[in-house]
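Report on the structure given below.
There are 2 protein chains.
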Amino acid sequence: MSAAEQGRRQLHLNLFMLSTGHHEASWRHRDASPQLAADFRYYKRMAQLAEQAKMDSIFIAEKYRLNKMTKYRVIPQLEAFTMQAALAAVTEKIGLTATASTTYNEPYHIARKFASLDHISGGRAAWNIVTSTGDATARNFGKERHLDHSLRYERAHEFVEAAVRLWTGWAEDALLIDQEAGLYADMSRIKAADYEGKHLSVAGPLNLPRSPQAVPVLVQAGSSEDGRSFAARWAELVFTAQPSIESAIAFYADLKGRLKAWGRNKEQLKILPGLIPFIGDSEAEAKEKERELNELSVSDYGLYNLSALLQTDLSDCPLDGPLPYERLPAPEQVQGQQARFQLYVNLAREEKLSIRELIIRTAGGRGHFTVAGTPIQIADTMQRWLEAGAADGFNLMPPLLPSGLDDFVSKVVPELQNRGIYRTEYSGNTLREHLGLTGMSAPQPV
Amino acid sequence: MSAAEQGRRQLHLNLFMLSTGHHEASWRHRDASPQLAADFRYYKRMAQLAEQAKMDSIFIAEKYRLNKMTKYRVIPQLEAFTMQAALAAVTEKIGLTATASTTYNEPYHIARKFASLDHISGGRAAWNIVTSTGDATARNFGKERHLDHSLRYERAHEFVEAAVRLWTGWAEDALLIDQEAGLYADMSRIKAADYEGKHLSVAGPLNLPRSPQAVPVLVQAGSSEDGRSFAARWAELVFTAQPSIESAIAFYADLKGRLKAWGRNKEQLKILPGLIPFIGDSEAEAKEKERELNELSVSDYGLYNLSALLQTDLSDCPLDGPLPYERLPAPEQVQGQQARFQLYVNLAREEKLSIRELIIRTAGGRGHFTVAGTPIQIADTMQRWLEAGAADGFNLMPPLLPSGLDDFVSKVVPELQNRGIYRTEYSGNTLREHLGLTGMSAPQPV
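These protein sequence lines map, in sequence, to chains A and B. At position 176 of the first sequence (counting the first as 1) the number is 176 in our numbering, and the numbers step up by one without a gap. Here our numbering runs 1000 ahead of the position in the second sequence, where the first position is 1.
See below:
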C-alpha cells in the first residue's frame, strides 16, 4: 500500500467488457471495431490493459438466446466462461468474473468448471449468478416457458448451496500424495455434497481438489426484492444500476443492512454500481462525445428495447409523448428484470420524460449512472460516491471500447491513484485478496 | 509439404494429455510431478511441446464423478473444456479436443461453448462426444439411474444433430456490419435450429456468428456396435483401443466400410488407435521402464478397476487363477464400456491370462496397444500400422508424463519426419486442415 493509500477507503474497480462498448450505438462509431467482436485478441488486449491498471476484475455477461435486435446492433459475445478461461492464461492478477445461470445449468457442471477456472487462474475466479429471463431462453433448453421469478430464485438458492457444498467438500489436507506408500488422497477428508432440494439434487463429491479460493467469489446483479434477499444471503460482490447518488445510497444502506440477518458483516459484500464515463479534456468535449453516440442510436432499436423491457408494445405511441402509464403492467407481474422495469418507469415519471427522451437517456447505459466530464470531474464523482456510502467502487462500463477504456486507464486511474483512493499495485494474488474478502470465510452451506 | 512427404501417406498424431501419464502407477514414479496435477503451467508446457512437434491436436478426457480409487491414484483433472479454452490462448496451431457428454448436457450450451472455443482458437476446436457411464454420474445430475446404452446413443444422435443445426444456422454472409446504415446482421441469413427430438428439443438460433470451422471436428471413441454406428454417421476422428495390429485392421475396415451408407467417403473419418510407447535407447532399457512402472501398480487398485469394468466382484478370486468366466455378465448386459469389456475378456481368454497377468497387462494402457522399444522400433511399428490399413495415425498416450512426451518428441518424431510420413510444418491453420478434412463438408443435419 502506498503512503497516499494509508487509512483511506479504497475503490474497487471492475471492467464490464462488452464488444464495442456499452452504448447501444457504439458499434457504429468510427473508433469502434465491430468486425473484431468475436476476435479473442481484441479482448485479450483490453484484459491486459485492465490488469495494468490494477483493476480488481473483468466481468463478462452471458445470454443463452439470440437478441432479436441483432439486425441493428453488434451482439456476438463469446461465451463468458470460455472467454474467462482463455483470459486466465494470458493474465496474472486480475479477477475473472463469468456469468452463468442457475435456471439452465446443473450445479455439478458449474462447480467443476469454476473450480477448474480457479485452479487455472491461481484463485481469480468469480461467478456472476443469474436466473435468466424470458421464454425465448426456455425454448433453447427444451422448455415451453421460463420459470416464474420466485421459483427461479428458489432454485438459485438451492443451486448455490449445492455448489458451495461441492466446492468445500475437499478438506485442505485431503491430498496425501504419498508416492512411496501409493496413497494419493485421504478419502475421509473428501465429503459428498448429498444435496437434495425441491428443484435439484446432487450427490458429489466434486472430482477436483480444493481450489485456491475454495469458493469462487459469488457475484450478483439482480436488484429486485428477490434479488436483494439472494444477495444478502450469498453475494460477495454486487453490480447494480443506480441512476443517481441518492438512489445508490439508499440501495447501499438497504443491502448492507440485510447482511446481519445472515450473520455477515458489511465488509463481506462489496457494492459496485455501474458507471458510464464519457471522458474529455474539457467538459464540453465529453458532452460532445455523449451527444455523438446518442445521435447514432437507431430509433427502431431503442423503441423495441423499451417495449421489451416494459412488456408493452409502444410502436403506436408518439415518440414525443409520455409513456402510456395506464397500459404498463404492475411491477410484480413483470417476468424478467423487475428492478430495471421499476427504474425506467420511475425515471420517466419523475423527470417527465417523453418516450424519445427516455430512449436517449437510457441508450448509453440502460439506466446505469452516466457522467460526462474531465478526468478530474469523473474522479470527483467517484470519490464522492465512495465517501458518501453510495459505493465500494464501480463497475466500469465504457460507452465505447476500446477507446473508452484507454482513456479511463490513462487519464482517470492516475487521478484516483494520486488521491490515494485506488491501488497502485496489487497487494495479493487472488480476487478475494483484491476485494478485501480474505480472513473472512467464504460462503458456507447452511 | 517437404520433399520426403511427397505422395506418402501421412500420420496424424494426437496427444492424449492426462496428469502424470496413462500408466495407472505413473504418479508414483520418481520422474512424476503429482503435486502439479491441477497446475495449469504443467499442461501449458506439454501443449506447447506437442505444438512444436506439429501434432494435430491435444485431447483431454472428462468425467462427471469422483473416481472411487482416488485413494490410490492421481485423478484430479481440470475440467476438459476449461483447460482447452485456456490452452487456446497460449498455442497457435494445434487442435484442441475436449470431451463433453450428450447425456448430461444441453445442445445449446455445448454449441455455444464449442463455437466460442473455435472462434478463440481460430478454428482449432474439436468435440469428443461421449455418453457417460454409471449411476454415480447420474446421481450428480439429480437422476437415480444412468440412461440405458441404446437410449444414450439415441439421445446422442439427437444431440449432435441439434448442435450441428445450431452451428450451421448462421450463413457465412449473415454479418453485414454496415456502420453507416446501422445494419449489423441480415436476419434472413440466420436460421433457427427448430429441433424437436424424442429426448430433447432446442429452438435456436445460436447467438454467435459462424466460427472458422463452422462445426468443430467431431470426435468419438466408443467402439461398441452403437458406438460404431454413431461414428459412421457423425465422427471425423475416432480414438480406439486396439490391442494388436490384426484387431486394428479389422476395426479400421469395419468402420470405414460403414461410411458409404451415410454418403461419406473414407477420407472423412480418421482412425487413431491408442499407442502407449515405452521409449529406450535400447530395447532392454525400454522394457525396463515398462517393468518398473508395472511394479509400482497397487494391486488393490488393479483388482478394483477390473471388477468395475467386468461388473463382477473379483475380490474372492485367486490372483493367479483365471477370470471366473461363468460369473461374468453377457456383453450385451454390460451398461457402460461394452467394447472394452469384450476386449479384456477376449484378451484373457485368448492368451490364457491369470487375473494378475490381466491386471498387469492392462495397467499401462487399459487395453490400448503398448510398445516398448527404441525410437526406430517404435517408428517401425507406427509405419507398419499406417501402411497396413490399421490406422490413420495414433492417439499418443505416454505412460509417464511429461518425460514420455519429451522422449517421444525428441526421439520418435524426427524419425517419423525423416521417413516422410509425418509433417515437419503445419500447412494450415485449422484442425480440419491438419486432419485433411477441408474441401469436404462438415457434418450436415439430415
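Heads up, the beta-carbon is just placed ideally off N, CA and C, and yes, glycines get one too.
| query | result |
| --- | --- |
| Segments of 3+ residues assigned as beta strand (DSSP E) that fall wholly inside the stretch 332-366 of chain A | none |
| Closest Cα partner of methionine 83/A within the set Ala1088/B, Val1219/B, Leu1206/B | Ala1088/B |
| Secondary structure of tyrosine 108/A, DSSP reduced to three states | helix |
| Neighbourhood of histidine 1012/B by C-beta distance below 7 Å, restricted to the same chain and skipping five residues each side | Asp1056, Lys1270, Leu1272, Asp1392, Gly1393, Leu1435 |
| Ranges of the beta strand (DSSP E) found wholly within the stretch 1019-1068 of chain B, counting only runs of at least 3 | 1057-1060 |
| Closer than 8 Å to chain B by CB, isoleucine 359/A | no |
| Top-ranked residue by Cα proximity to serine 1297/B, from Ala261/A, Ala25/A, Ser224/A, Gly182/A | Gly182/A |
| Asparagine 395/A: first and last residue of the uninterrupted alpha helix (DSSP H) it sits in | That residue, asparagine 395/A, is in no alpha helix (DSSP H); its beta strand (DSSP E) goes 393-396. |
| Three-state secondary structure assigned by DSSP to glycine 274/A | strand |
| Close Cβ partners of leucine 358/A (< 8 Å) along its chain, the five nearest in sequence each way excluded | Leu306, Leu323, Tyr344, Leu347, Ala348 |
| Range covered by the alpha helix (DSSP H) that runs through tyrosine 1301/B | 1299-1310 |
| Cβ-Cβ distance between phenylalanine 59/A and alanine 156/A below 8 Å | no |
| Alanine 1193/B beta carbon less than 8 Å from that of leucine 1166/B | yes |
| Enclosing alpha helix (DSSP H) for tyrosine 153/A [first to last residue] | 149-167 |
| Euclidean distance between Cα positions of tryptophan 385/A and alanine 248/A | 8 Å |
| Cutoff 8 Å: proline 1205/B Cβ touching any chain A Cβ | yes |
| Limits of the beta strand (DSSP E) - the one that histidine 449/A falls within | The shown model of chain A, from 1 to 446, leaves out residue 449/A, and the question about it has no answer. |
| Local Cβ density within 10 Å of asparagine 1140/B, reported as buried at 16 or more and exposed below that | buried |
| Cβ neighbours of alanine 1136/B in the same chain (closer than 6 Å, five flanking residues each side left out) | Arg1065 |
| Option nearest threonine 438/A by Cα separation, candidates Arg291/A, Ala214/A, Cys317/A, Gly204/A | Ala214/A |
| As assigned by DSSP and simplified to three states, the class of serine 1224/B | coil |
| Chain A contacts made by the stretch 1021-1032 of chain B, where a contact means CB separation under 9 Å | Ala1025, Trp1027, Arg1028, His1029, Arg1030, Ala1032 |
| Aspartate 254/A beta carbon less than 8 Å from that of arginine 233/A | no |
| Identity of the residue in Glu351/A, Ala163/A, Tyr184/A, Leu49/A nearest serine 1033/B by Cα | Tyr184/A |
| C-alpha gap between serine 403/A and glutamate 24/A, whole angstroms | 15 Å |
| Contact check, proline 1329/B vs glutamine 1342/B, beta carbons under 8 Å | no |
| Through-space distance from isoleucine 1378/B to isoleucine 1279/B, alpha-carbon basis | 8 Å |
| Buried versus exposed call for tyrosine 1108/B [16 or more other C-beta atoms within 10 Å across all chains shown] | buried |
| Which listed residue (Ala162/A, Gly123/A, Glu225/A, Gly142/A) has its alpha carbon closest to that of arginine 1142/B | Note that residue 1142/B is glycine in the sequence shown, not arginine. Nearest C-alpha to glycine 1142/B: Ala162/A. |
| At least 3 beta-carbon pairs within less than 8 Å: the stretch 1040-1051 of chain B vs the stretch 1114-1129 of chain B | no |
| Residue closest to threonine 1020/B, alpha-carbon to alpha-carbon, out of Arg1423/B, Leu1400/B, Arg1327/B | Leu1400/B |
| DSSP beta-bridge partners of tryptophan 1234/B | Answer by DSSP bridge pairing: none, since tryptophan 1234/B is not bridged. |
| Where the stretch 113-125 of chain A meets chain B: residues whose CB sits under 7 Å from a CB there | Lys113, Ser116, Leu117, His119, Ile120 |
| Cβ distance (whole Å) where valine 1160/B is taken to contact leucine 1218/B below 8 Å | 7 Å |
| Proximity of glutamate 1092/B and alanine 1080/B at Cβ, strictly below 8 Å | no |
| Endpoints, beta strand (DSSP E) assigned at phenylalanine 1369/B | 1369-1373 |
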